[in-house]
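Trainee: Have a look at this one before I ask anything.
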Amino acid sequence: MSEDYYQILGVSRDSTEDEIKKAYRKQALKWHPDRNNDPSAKVQFQKIAEAFETLGDPAKRQEYDAPPLQYYSSESEDGMNLFDQMFSSTFFFSHDDDLFSDHFYIPKRPRRPPPQRKKTTVRQVRVTLEDLYTGTNKNFKVTRKVFDKKTGKLIKEDKKIHLRVLPGYKHDTTIVFHNHADEWAPGKGGDLVFRIEELPHPVYQRDGRHLHTVVELSLLEALTGFKKELMRLDGKTTCLIEHSPHHGLIKPIKDGDEHIIVGEGMPDREYGKGNLIVHFKVNSFSETLNEEQCKLLKEALANVNNCK
Numbered sequence: 559m560s561e562d563y564y565q566i567l568g569v570s571r572d573s574t575e576d577e578i579k580k581a582y583r584k585q586a587l588k589w590h591p592d593r594n595n596d597p598s599a600k601v602q603f604q605k606i607a608e609a610f611e612t613l614g615d616p617a618k619r620q621e622y623d624a625p626p627l628q629y630y631s632s633e634s635e636d637g638m639n640l641f642d643q644m645f646s647s648t649f650f651f652s653h654d655d656d657l658f659s660d661h662f663y664i665p666k667r668p669r670r671p672p673p674q675r676k677k678t679t680v681r682q683v684r685v686t687l688e689d690l691y692t693g694t695n696k697n698f699k700v701t702r703k704v705f706d707k708k709t710g711k712l713i714k715e716d717k718k719i720h721l722r723v724l725p726g727y728k729h730d731t732t733i734v735f736h737n738h739a740d741e742w743a744p745g746k747g748g749d750l751v752f753r754i755e756e757l758p759h760p761v762y763q764r765d766g767r768h769l770h771t772v773v774e775l776s777l778l779e780a781l782t783g784f785k786k787e788l789m790r791l792d793g794k795t796t797c798l799i800e801h802s803p804h805h806g807l808i809k810p811i812k813d814g815d816e817h818i819i820v821g822e823g824m825p826d827r828e829y830g831k832g833n834l835i836v837h838f839k840v841n842s843f844s845e846t847l848n849e850e851q852c853k854l855l856k857e858a859l860a861n862v863n864n865c866k
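Set out below in structure tokens:
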């Protein structure tokens, strides 16, 4: 309601709990509908009950003392219930027990919305695999709603956020900034959560702390060996993949073979760097061969058979 609860009870904002109780007793006796014939007594009695229901409870009083826009009182007991509780004790005015009948008027009040609670704001942050490999910093400007210190009204405020993405962060990793979202009470903001969205990479596919990639080989490379370089995700260094004869012999690479390079995967703060798994794709013959190619191939394969 718009009227000030302290004014209704006739007390100041720094009044003690006992002073508020005494003020309620005084006002309740004065404005009780069965004692006061004033047409406004019923309404005034309800206001008194509502004011005491809030100011008589330390937690509700603290919430009420916040700017009016943020305060919501829960549904109070009706005025007569409060009155009965206060005056049923022998401590209060026992000589007035016979002043009221059993058929008191019990005023009702409408339901009020429940108190607001803080809300979490989630923002997606798109990050490349390179940035998740090396780590990066991102700066954002966010707009949120805050309570104006002078008026108590909600206003918009721009806030700068410095987001640090550490090496090894994964898809759906969350970074939480407490009290950086919209305020739900003066000085009390919700949480601002940034959720990492890992972007697809054209060369590497991530599997936890491991990386996968496909290397294409010609049939000649698969049979006789090769040297290939892969650019690491830091964009500065390369990783060498070499397959060559050993003691005069070489094991041909078949389509679908894998080669694991230890420690060339993604960084992980708990387990260390993962591995790079290379998947070989061997390109097959061309659709047609000329006579010379057929002759050379026969000679080569004949020599292979003779070596067995």
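In the numbering used here, the protein residues as written are 559 to 866.
Each residue gets a CB set at the ideal place from its N, CA and C atoms; glycine is no exception.
1. Give the list of continuous beta strand (DSSP E) stretches no shorter than 3 residues that lie fully inside the region 736-809.
2. Taking just the CA atoms, how far does residue 785 sit from residue 823?
3. Using DSSP with H/G/I as helix, E/B as strand and the rest coil, what is residue 601?
4. Kindly give me the distance between the Cβ atoms of residue 704 and residue 755, rounded to whole angstroms, as I take these residues to be in contact under 8 Å.
5. When the Cα atoms are used, what is the spatial distance from residue 606 to residue 566?
6. Decide if residue 853 is buried, meaning its Cβ has at least 16 other Cβ atoms within 10 Å, or exposed.
7. Could you please give me the residues that DSSP links to residue 590 through a beta bridge?
8. From which residue to which residue does the alpha helix (DSSP H) around residue 621 run?
9. Which residues in the same chain have their Cβ closer than 6 Å to the Cβ of residue 571, if we skip the five residues on either side of it in sequence?
10. Check whether the region 694-709 and the region 768-778 touch, using three or more Cβ-Cβ pairs below 8 Å as the test.
11. With distances taken between CB atoms, is the gap from residue 811 to residue 775 smaller than 8 Å?
12. Starting from residue 721 and walking both ways along the beta strand (DSSP E), at which residues does that stretch end?
13. Exposed or buried, which one is residue 689 when buried takes at least 16 other CB atoms within 10 Å?
14. Starting from residue 561, trace the beta strand (DSSP E) in both directions and tell me its first and last residue.
15. Could you check which residue in 722, 728, 681 and 714 has the C-alpha nearest to that of residue 687?
16. Which value, in whole angstroms, describes the spacing of the CA atoms of residue 815 and residue 780?
Mentor: Once the coordinates are examined:
1. 741-743, 750-756, 763-765, 768-775, 784-789 and 796-801
2. 20 Å
3. helix
4. Contact flag wrong, Cβ pair sits at about 28 Å.
5. 6 Å
6. With fewer than 16 Cβ atoms within 10 Å of its Cβ, residue 853 is classed as exposed.
7. Beta-bridge pairing links residue 590 to no other residue.
8. 616-622
9. The residues 564, in chain order, have a CB closer than 6 Å to that of residue 571 in the same chain once the five nearest residues on each side in sequence are set aside.
10. no
11. yes
12. 712-723
13. buried
14. Counting along the chain, residue 561 falls outside any beta strand (DSSP E), and DSSP gives it neither H nor E.
15. 728
16. 10 Å
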